[in-house]
Each structure stands twice: as C-alpha cells, then as structure tokens.
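In this note's numbering, the protein residues as written are 176 to 354.
For glycine and all other residues, C-beta sits at the position ideal for the given N, C-alpha and C.
All figures in this text were calculated on a predicted structure; none of them were measured in a lab.
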C-alpha cells in the first residue's frame, strides 16, 4: 500500500513537473517568435513565468527528491551507526523536517486561501492577470512532501526504512563491502 502511494506521488510529481516545463518552454518560444516576427509578445509571459512556472519548477520536485533520497545528508556523523542509534537519528531528522513541512504547508495554505478570497491579480498592460491559483502550488507541493515524510517515519518505526534505499553512493559502498 505504501509503495503504491509512493509511486503515485512520484508519478504525479514527475508528470506535473514535466507539464510545467513543457508549458513554460512553449510559452517562451511563442513569446520570442511573436516578438520577433509580429512585433508584439505573448501577453503576460514574464508574469506567468514568474508567478506560476518558476514556483512550480522550484517546489514540485520536493516530494520526489525525498522519495529518491536526494536531499543533503550529513552521513559523516552517522556512517558508523547501526540499529537503534541510527533509527533515533533518522527519526530526529525526519521529525524536524516533518514539523517544518507542516508549518510551511499550513502557512502557505492560509496565504493561498487569503489570496483566493480576495481574487488576487496583477495588471499586465491592459489585462488583469489572475494570480491567486499560483498560491496553491506551495501548499500542494509541501503537502505531498509531508505525506512522503510521514511514510518515512512509519517505515523507520517499523524497521522497513533501509539505510541505502535509492542511494546510489550507499548502494555502491555496500557492493564494495561484499567484494
């Protein structure tokens, strides 16, 4: 069940990230083309890129980076730990990260609700460019990462969290020890 949830989160993150990158690429190409050949660019391109695309590209992969164990780890301090001491350190790290993500999810969610209720927009030339939907990118991204961290905590408590899961350097070290 947890594997299915992790797979769903990974796929959702990858698909959304790919769609955002593709949309940003297409919009910028269209904007450059229309500016060059028609004399006027695509309306609100800088605003759309800054308010939607770059925010999504920056935070959507947060859950995926935890799933693939690509966050920075200071293993120099825990390299020789095994068993319960290692689990305690892992729980401490996961607990702190979970608390931070919970606060960020809550805070950004409250801000998204505020911006949605006031119908936030910016004026881009003569048009009103609605920006309140972009405020939902942060709480959704943080919530996905929070779910992954809760899975990590459960796995650590039940002994299912492997020290080198999805860690290519750790897996390589394990292979060298076997030789």
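8 Å contact criterion, which residue i and residue j should meet: CB distance rounded
i, j, result
"residue 268", "residue 236", "The pair is not a contact, with the Cβ atoms about 19 Å apart (cut-off 8 Å)."
"residue 239", "residue 189", "7 Å"
"residue 312", "residue 231", "5 Å"
"residue 224", "residue 199", "6 Å"
"residue 250", "residue 321", "With a Cβ gap of about 24 Å, residue 250 and residue 321 do not count as contacting."
Boundaries of the beta strand (DSSP E) in which residue i is found, first to last residue
i, result
"residue 304", "302 to 305"
Residue i versus residue j: straight-line alpha-carbon distance, rounded
i, j, result
"residue 219", "residue 197", "17 Å"
"residue 222", "residue 253", "45 Å"
"residue 248", "residue 264", "12 Å"
"residue 255", "residue 261", "9 Å"
"residue 305", "residue 233", "20 Å"
"residue 211", "residue 203", "12 Å"
"residue 183", "residue 285", "26 Å"
"residue 178", "residue 295", "38 Å"
"residue 181", "residue 301", "44 Å"
"residue 257", "residue 337", "11 Å"
"residue 292", "residue 334", "44 Å"
"residue 246", "residue 275", "15 Å"
Under 9 Å between C-beta atoms of residue i and residue j
i, j, result
"residue 280", "residue 317", "yes"
"residue 266", "residue 332", "yes"
"residue 227", "residue 308", "yes"
"residue 216", "residue 206", "yes"
"residue 277", "residue 310", "no"
"residue 319", "residue 187", "yes"
For this session: Entirely within the segment 267 to 322 and at least 4 residues each: give me those alpha helix (DSSP H) ranges in chain order.
Result: none
For this session: Any chance you could list the alpha helix (DSSP H) runs of at least 4 consecutive residues sitting entirely within the segment 188 to 238, in chain order?
Result: 220 to 223 and 229 to 234
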